[in-house]
Amino acid sequence: MKTNDLILQTVTKIIIFLILAFSLHLFFAGHYTPGGGFIGGLMTAAALVLLLLAFDAKTVNKIFPIDFIQVAAIGLLIAVLTGIGSFFFDVPFLTQTFGYFDLPILGKTGLATAVLFDIGVYLVVIGVTMTIIQTIGEDE
Amino acid sequence: MKMKENLEVIFAAIVVIGAIINLISAIGVIRLPDVYTRNHAASKGATLGILLILSSVFLFFWVEEGYMNARLLLGIIFVFMTAPVAGHLISRAAYNSGIPLWEKSGQDALKATKQKVKNK
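Chains E and D, in that order, give the protein sequences.
With our numbering applied, the first sequence covers 1 to 140.
With our numbering applied, the second sequence covers 141 to 260.
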């Protein structure tokens, strides 16, 4: 039976930006407030799952033509490379550092290399979650 | 200083009103006869109660600590947009799987339309 999902689809189109923006906020706020790579990645995956619920898998694949297994692999690679990067400065594996910089718009901002590791976590969480859900979802 | 305390009383009153509305909606879920009327009580009442509580929390932290929490505003918008849609989807799923209306309900306008679509 073909049903008319107009209300769900319209609300999804609006709410998805809210969820994605909030997941990015959680990701970048993770250093000083609750949040971080894991919960940010889960929330981004939740936004994509909402898209999958409102539209079918074919449409979502057209919007996001991404192989999520590769996303997980790239995330792991980034996490390992940020650990290895500390070898170039004669410090132990996974040592992190931070500094304060004057950015053009944001002003004085604390930038930590832990964010790079967090990007890896974020990508792995998105990749693994979406791979699980897409593998279970497509039974054709 | 006096002003701040007056505002605090008002915010506390808003929280209590929101909690009472939530309680009424919970009683409605228990008391009402079928899925559709229960859904009507749950989605409307709970949405309004939560909106009142969240707005009061937002205003309280704004007045008390001078801290505008954007996440609460986002939460208000989010609940306001999604809770009615969730109610709609639950109701429609119930109707499509053939849950009957309460026997005393007056009319079923959707039934006639569905019949017309089926006959085409």
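We put the CB at the ideal spot given by N, CA and C, even for glycine.
Quiz item: In angstroms, rounded to a whole number, what distance separates the CA positions of alanine 153(D) and glycine 206(D)?
Solution: 20 Å
Exercise. Closer than 9 Å by beta-carbon distance: list the chain D residues that pair up with leucine 18(E), in chain order.
Key: Leu214, Ile217, Phe218, Met221
Quiz item: According to DSSP, is aspartate 118(E) helix, strand or coil?
Solution: helix
Practice problem: Give me whichever residues DSSP pairs with tyrosine 100(E) in a beta bridge. | Solution: Gly110(E)
Practice problem: Starting from valine 225(D), find everything on chain E with Cβ-Cβ shorter than 8 Å and list it in chain order. | Solution: Ile7, Leu8, Val11
Quiz prompt | Element boundaries [alpha helix (DSSP H), containing glycine 88(E)] | solution = In the sequence on display, residue 88(E) carries phenylalanine and not glycine. Unbroken run through phenylalanine 88(E): none, as it is neither H nor E.
Exercise. Helix, strand or coil for threonine 33(E), going by three-state DSSP, please let me know.
Key: coil
Quiz item: Thinking C-beta only, is leucine 241(D) closer than 8 Å to valine 219(D)?
Solution: no
Quiz item: Around the C-beta of threonine 129(E), are 16 or more other C-beta atoms found within 10 angstroms, so that it is buried, or is it exposed?
Solution: buried
Quiz item: Hey, does isoleucine 15(E) have any beta-carbon neighbour from chain D nearer than 8 Å?
Solution: yes
Quiz item: Shorter than 8 Å from the beta carbon of leucine 229(D) to some beta carbon of chain E?
Solution: yes
Quiz item: Helix, strand or coil: how does DSSP classify tryptophan 202(D) here?
Solution: helix
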